[in-house]
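Asks:
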Amino acid sequence: MRLYKFLILVLVSIILLGSCRKEQWDNRTEVTSVAGTESLMDLINADSDLSLFSKYLVKTGYDKVLSSSKTFTVWAPDNTALEALDDSYVSDSVSLKLFISNCIGSQSFYSKEAADSSIRIRTYSGKRVLFSKDSINGIAFTAKDISAKNGVLYKINSAIKPQVNAFEYLRDNYATGLQYGYLKTLYYSASIDSLYRDSLKSANVILPKLNTYFRKINIDSEDSLLTYIVLTDQAYQAEESKLLPFFTDSTQAVTDSVNQWNIIKDLTINGVIQPGSIPQTVYSAKDSLAIHLNASSIVKTINVSNGIVYVVNSLSYDLGTKIKPVTIEAESFYDRYDNTKSYTIRKRRDPATDSVFKDLLMENFGIASYWVRYPVTLNAVTYKVYWRAVNDFQTGTFPMMLAFNQHVDTAFADPKNIPFDYSMPYTDVGLTDYSDVYIGDFTPVKHGLEDVFLIGNNTTSNGKNTIVCDYIKLVPVLN
Numbered sequence: 001m002r003l004y005k006f007l008i009l010v011l012v013s014i015i016l017l018g019s020c021r022k023e024q025w026d027n028r029t030e031v032t033s034v035a036g037t038e039s040l041m042d043l044i045n046a047d048s049d050l051s052l053f054s055k056y057l058v059k060t061g062y063d064k065v066l067s068s069s070k071t072f073t074v075w076a077p078d079n080t081a082l083e084a085l086d087d088s089y090v091s092d093s094v095s096l097k098l099f100i101s102n103c104i105g106s107q108s109f110y111s112k113e114a115a116d117s118s119i120r121i122r123t124y125s126g127k128r129v130l131f132s133k134d135s136i137n138g139i140a141f142t143a144k145d146i147s148a149k150n151g152v153l154y155k156i157n158s159a160i161k162p163q164v165n166a167f168e169y170l171r172d173n174y175a176t177g178l179q180y181g182y183l184k185t186l187y188y189s190a191s192i193d194s195l196y197r198d199s200l201k202s203a204n205v206i207l208p209k210l211n212t213y214f215r216k217i218n219i220d221s222e223d224s225l226l227t228y229i230v231l232t233d234q235a236y237q238a239e240e241s242k243l244l245p246f247f248t249d250s251t252q253a254v255t256d257s258v259n260q261w262n263i264i265k266d267l268t269i270n271g272v273i274q275p276g277s278i279p280q281t282v283y284s285a286k287d288s289l290a291i292h293l294n295a296s297s298i299v300k301t302i303n304v305s306n307g308i309v310y311v312v313n314s315l316s317y318d319l320g321t322k323i324k325p326v327t328i329e330a331e332s333f334y335d336r337y338d339n340t341k342s343y344t345i346r347k348r349r350d351p352a353t354d355s356v357f358k359d360l361l362m363e364n365f366g367i368a369s370y371w372v373r374y375p376v377t378l379n380a381v382t383y384k385v386y387w388r389a390v391n392d393f394q395t396g397t398f399p400m401m402l403a404f405n406q407h408v409d410t411a412f413a414d415p416k417n418i419p420f421d422y423s424m425p426y427t428d429v430g431l432t433d434y435s436d437v438y439i440g441d442f443t444p445v446k447h448g449l450e451d452v453f454l455i456g457n458n459t460t461s462n463g464k465n466t467i468v469c470d471y472i473k474l475v476p477v478l479n
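If you count the sequence shown from 1, position 408 lands on 408 in the working numbering, and the numbers rise without skipping.
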């Protein structure tokens, strides 16, 4: 019995000893420190492994920052890591300051705060770094959670060089390319005079804060993650040729500009798509273009501070998600033949789908060929035209028609003498028909703003010149 108790006691002791050693191993990078006694700069100066880092802090002026009463997180590369840096990098004051500022974050972040998931922390360089419980930007901590009265210190054995973001990568590597070349023309600010704008173009400079593209899609921002596509000149020219027929406009200059805008606006995808897990279809951030990012077309993959960049020599996508159907809600009109005539916005229920919709109803207004106008941007492509018009309020049918003209030709014309470039034949509105009714085909002469007119019958008789419509739909024919 005594032997049995003795063996049990030995076994328990072994388990406890093993547990203690495991805990010691798991906590091998943790440093016990009494917070509130020394500043971060004091801790760095006291560590001989960080003497070079201390020297560079003084050289860049960040020693004074870390001696202040604000709180910081510092990821300090040791001497070995800094000795491995290229001399030209260290000797250049701008590069050195950018590097040192990238090692400092505002506020205190302890490893336990990233226990469940990594955190993107903004540094004094303006860049964000990926902080996990064991590493920073994938560099493992050699010591962590060292508390100071104004923050927390981590030690690492490799330098955290600031990464370029998606825009900086494009600028630094493709400044002579077609994609960058078009982006630099997109200045929107009224404060920029033509001479200044021309000088920026000549210098091949893009100022994101003054650029139209960056107002829509800011690939220079460090605050969100993205996937950005850079087209080689070969791929860019292929896109220009592919899209040119759809964006032919009033002049060659306008055509070129509109065509190129419709290339570049769909090259950004929200979130980071890693090379090994690219879905069959991804969707652009701007207009949900359905892109097929084929591995065979990827020339280069680059990790950047705000995501990832793919350089491709061709781009595959569903054309129908770029040249899209156009739906005009009839109740949302631009103007009417006579604004004194009343109209009704009805609410109806589709019995087939049980869905509720709104439509426009005008009746008993006593005017022949009364029209309602809808300006809409159309591509230079043939459209199949449909409407949904539900006649559930009278026993007889009545005809309506559609007509078209460029908005620039009709916007200021006399409402009683509007010219039409193209008129479709009258089509009877049947009784209680909830389906899309095919009206005919229409091909705009060019890309641009087109006025679509919904026109009542050429009679003043009540019940015969009624106008009712839920929507007009134009579906592009893409063969």
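The beta carbon of each residue, even a glycine, is placed where N, CA and C say it ideally should be.
Can you name the residues that DSSP bridges to Q406?
Replies: The residue you call residue 406 lines up with position 406 of the sequence shown. The partner list for Q406 (beta bridge, DSSP) reads E450.
Asks: Which two residues bound the contiguous beta strand (DSSP E) that contains E329?
Replies: Mapped onto the sequence shown, residue 329 falls at position 329. Run containing E329: V326 to E329, per the beta strand (DSSP E) assignment.
Asks: So the beta strand (DSSP E) T232 belongs to, where does it begin and stop?
Replies: For the purposes of this step, residue 232 is identified with residue 232 of the sequence shown, where counting begins at 1. Run containing T232: none; DSSP gives neither H nor E here.
Asks: Quick check on the burial criterion: 16 or more other C-beta atoms within 10 angstroms. Buried or exposed for A403?
Replies: As a working mapping, residue 403 is identified with position 403 in the sequence shown. Buried, since its Cβ has 16 or more Cβ neighbours within 10 Å.
Asks: Taking the alpha carbon of T142 as the point to measure from, which residue in K133, N150, A148 and Y154 has its own alpha carbon closest?
Replies: Counting from 1 along the sequence shown, the entry for residue 142 is found at position 142. Nearest option by C-alpha distance: Y154.
Asks: Could you tell me the boundaries of the beta strand (DSSP E) in which Y438 lies?
Replies: By 1-based counting over the sequence shown, the position of residue 438 is 438. From DSSP, the beta strand (DSSP E) with Y438 extends over V437 to F442.
Asks: For my contact list, L57 and D49 are in at a C-beta cut-off of 8 angstroms; report their separation, rounded to the angstrom.
Replies: In the sequence shown, the residue the question calls residue 57 occupies position 57. In the sequence shown, the residue the question calls residue 49 occupies position 49. Actually they are not in contact, since the Cβ atoms of L57 and D49 sit about 14 angstroms apart, beyond 8 angstroms.
Asks: Using CA atoms only, rank isn't needed, just tell me which of L43, F53 and T327 is closest to K473.
Replies: The sequence position of residue 473 within the sequence shown is 473, counting from 1. For K473, the nearest C-alpha among the options comes from T327.
Asks: Name, in chain order, the residues that DSSP records as bridge partners for N391.
Replies: Against the sequence shown, residue 391 aligns to sequence position 391. Note: N391 sits in a beta bridge opposite L431.
Asks: Quick check: the region 201-219 against the region 116-131, are there 3 or more CB pairs under 8 angstroms?
Replies: These segments do not touch.
Asks: Could you check whether the region 155-168 touches the region 277-296, counting it as contact only if at least three pairs of C-beta atoms, one from each stretch, sit closer than 8 angstroms?
Replies: Because the criterion of three Cβ pairs below 8 angstroms is not met, the region 155-168 and the region 277-296 do not touch.
Asks: If we call anything under 8 angstroms between Cβ atoms a contact, is L373 one with F246?
Replies: In the sequence shown, the residue the question calls residue 373 occupies position 373. In the sequence shown, the residue the question calls residue 246 occupies position 246. Inspection of the sequence shows that residue 373 is occupied by Arg rather than by Leu. No.
Asks: Please confirm whether N259 and I323 have their CB atoms less than 8 angstroms apart.
Replies: Position 259 of the sequence shown holds residue 259. Position 323 of the sequence shown holds residue 323. Their beta carbons are not under 8 angstroms apart, which means N259 does not touch I323 by this criterion.
Asks: For the candidate residues N165, D428, F420 and V74, whose alpha-carbon lies nearest to that of Y124?
Replies: For the purposes of this step, residue 124 is taken as residue 124 along the sequence shown, with counting starting at 1. Nearest C-alpha to Y124: V74.
Asks: In angstroms, rounded to a whole number, what distance separates the CA positions of Y169 and P375?
Replies: Mapped onto the sequence shown, residue 169 falls at position 169. Mapped onto the sequence shown, residue 375 falls at position 375. If I take the Cα positions, the gap works out to 40 angstroms.
Asks: Between D470 and R349, which are expected to be in contact by the criterion C-beta below 8 angstroms, what is the C-beta distance as a whole number of angstroms?
Replies: Position 470 of the sequence shown, counted from the start, is the residue given in the question as residue 470. Position 349 of the sequence shown, counted from the start, is the residue given in the question as residue 349. About 12 angstroms separates the two Cβ atoms, so there is no contact after all.
Asks: Thinking C-beta only, is E363 closer than 8 angstroms to N462?
Replies: Position 462 of the sequence shown holds residue 462. Position 363 of the sequence shown holds residue 363. In contact: N462 and E363 (Cβ atoms closer than 8 angstroms).
Asks: Give me the Cα-Cα distance between Y334 and E240, rounded to the nearest whole angstrom.
Replies: For this step, residue 334 is matched to residue 334 along the sequence shown. For this step, residue 240 is matched to residue 240 along the sequence shown. Approximately 33 angstroms, taken between the alpha carbons.
Asks: Contact defined as beta carbons within less than 8 angstroms: I believe T466 pairs with F398. What is the distance between those atoms, to the nearest angstrom?
Replies: Here residue 466 refers to the residue found at position 466 when the sequence shown is read from its first residue. Here residue 398 refers to the residue found at position 398 when the sequence shown is read from its first residue. Contact holds; Cβ gap of about 5 angstroms.
Asks: On the premise that N391 lies in contact with L431, defined as a C-beta separation below 8 angstroms, what is that separation, rounded to the nearest angstrom?
Replies: Counted from its first residue, the sequence shown places residue 431 at position 431. Counted from its first residue, the sequence shown places residue 391 at position 391. Sure, about 5 angstroms apart at Cβ, within 8 angstroms.
Asks: Can you tell me which of N150, N218 and Q163 puts its alpha carbon nearest to the alpha carbon of L183?
Replies: By 1-based counting over the sequence shown, the position of residue 183 is 183. The candidate whose alpha carbon is nearest that of L183 is N218.
Asks: Determine which residues share a DSSP beta bridge with L361 and list them.
Replies: The residue labelled residue 361 in the question sits at position 361 within the sequence shown. Bridge partners of L361: T344 and V468.
Asks: Comparing alpha-carbon positions, which option in Y236, I146, F393 and L186 lies nearest Y174?
Replies: Mapped onto the sequence shown, residue 174 falls at position 174. Closest by alpha carbon: Y236.
Asks: Check this for me: beta carbons of S132 and A159, under 8 angstroms apart or not?
Replies: Within the sequence shown, numbered from 1, the residue matching residue 132 stands at position 132. Within the sequence shown, numbered from 1, the residue matching residue 159 stands at position 159. It is not a contact, given that the beta carbons lie outside the stated cut-off.
Asks: How many Å lie between T37 and S54 at the Cα?
Replies: What you label residue 37 is simply residue 37 of the sequence shown in a count that begins at 1. What you label residue 54 is simply residue 54 of the sequence shown in a count that begins at 1. T37 and S54: Cα-Cα distance of roughly 19 angstroms.
Asks: Quick check on DSSP: helix, strand or coil for M41?
Replies: As a first step, residue 41 is located in the sequence shown; it is residue number 41 there, counting from the start. Helix at M41.
Asks: Are the C-beta of T353 and some C-beta of chain B separated by less than 8 angstroms?
Replies: Among the chains in the structure shown there is no chain B, since it carries only a single protein chain.
Asks: How should D223 be labelled, buried or exposed, when 16 other C-beta atoms within 10 angstroms of its C-beta is the threshold for buried?
Replies: Walking along the sequence shown from the start, residue 223 turns up at place 223. D223 is exposed by the Cβ-count criterion.
Asks: Could you check the C-alpha separation between D451 and D92 for me, to the nearest Å?
Replies: In the sequence shown, residue 451 corresponds to position 451, counting from 1. In the sequence shown, residue 92 corresponds to position 92, counting from 1. D451 and D92: Cα-Cα distance of roughly 60 angstroms.
Asks: DSSP three-state label for S51, please.
Replies: Stepping through the sequence shown from its first residue, residue 51 is reached at position 51. S51 falls in the helix class under three-state DSSP.
Asks: Tell me, to the nearest whole angstrom, how far the beta carbon of M400 is from that of T427; I am working on the premise that it is less than 8 angstroms.
Replies: By 1-based counting over the sequence shown, the position of residue 400 is 400. By 1-based counting over the sequence shown, the position of residue 427 is 427. About 6 angstroms; that satisfies the 8 angstroms criterion.
Asks: DSSP three-state label for Y182, please.
Replies: Position 182 of the sequence shown holds residue 182. DSSP places Y182 in helix when its eight states are reduced to three.
Asks: Assign V94 to one of three DSSP states: helix, strand, or coil.
Replies: As a first step, residue 94 must be located in the sequence shown, where it is residue number 94. V94 falls in the helix class under three-state DSSP.
Asks: Whole-angstrom Cβ separation of I206 and L315, contact assumed at under 8 angstroms?
Replies: Translated into the one-based positions of the sequence shown, residue 206 becomes position 206. Translated into the one-based positions of the sequence shown, residue 315 becomes position 315. No, I206 and L315 are not in contact; Cβ-Cβ is about 22 angstroms, not under 8 angstroms.
Asks: Mapping DSSP to helix, strand and coil, what is A166?
Replies: Numbered from its first residue, the sequence shown carries residue 166 at position 166. Here A166 sits in helix by DSSP.
Asks: Within this structure, are the beta carbons of V429 and V468 separated by less than 8 angstroms?
Replies: The count along the sequence shown starts at 1 and reaches residue 429 at position 429. The count along the sequence shown starts at 1 and reaches residue 468 at position 468. Cβ distance < 8 angstroms, so V429 and V468 count as in contact.
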